[in-house]
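Reading the sequence shown from the start, the letters are residues 1 to 124 in UniProt numbering.
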Amino acid sequence: GLAALLALAVAAIPAAKGVRTWRRRRLTGARGVVAAWWEARDLLRAHGVPVTPGMTARDLAAVSEGAVVDCLDRLADGLDAAVWSGAGADDRAVAAAWGAVRGIRGALARRPVAARLRAVFAVR
């Protein structure tokens with residue numbers, strides 16, 4: 001009854017985020033690199049980093065700290081090459097972008113449990 005409905009509602013948020021990530025990871029080329037940027041941006045927003053619509057990866061790195069900054073810098077370099085070079089992005093560039101996202105996830109995983117739980121259930 002009500003308990004099952006409540007459990008479903010609570011599980012829906014992380015499930016929707018998981019589906020969103022899965023769909024993004026399937027993209028290739030420059031779209032795959034941009035999708036990695038979207039994922040990084042949304043992860044940091046869920047963890048309380050102030051993200052505005054016009055922010056670039058470099059802007060977000062400027063308001064971040066620790067290992068997240070290095071990962072965002074790598075992601076920004078990949079974004080520049082994929083979006084602005086005219087050459088697009090190959091599978092290695094997409095893998096590198098998602099590697100930067102993994103690094104961000106790893107850095108955020110060291111945050112306190114309460115902060116991580118808030119991020120899991122955060123909605124924009």
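All C-beta atoms in this analysis are idealised placements derived from N, C-alpha and C, irrespective of residue type, glycine included.
Being a predicted model, the structure only gives us computed values, none of them experimental.
Query, Result
"CA-to-CA distance, L6 to L108, given in whole angstroms", "28 Å"
"Option in G103, H47 and R74 with minimal Cα separation from F121", "H47"
"CB of L72 within 8 Å of CB of A89, strictly", "no"
"The region 23–34 in contact with the region 102–116 per 3-pair CB rule at 8 Å", "no"
"Contact check, L2 vs V33, beta carbons under 8 Å", "no"
"Sufficient close CB pairs (3 or more, under 8 Å) joining the region 84–102 to the region 33–44", "yes"
"Sequence-distant residues of its chain with Cβ nearer than 8 Å to L8 (five each side left out)", "none"
"Outcome for L75 when other beta-carbon atoms lying within 10 angstroms are tallied against a minimum of 16", "buried"
"Backbone CA spacing between V123 and I13 [nearest angstrom]", "8 Å"
"Cβ-Cβ distance between V63 and P53 below 8 Å", "no"
"Three-state secondary structure assigned by DSSP to R24", "helix"
"Element boundaries [alpha helix (DSSP H), containing A35]", "G29 to A46"
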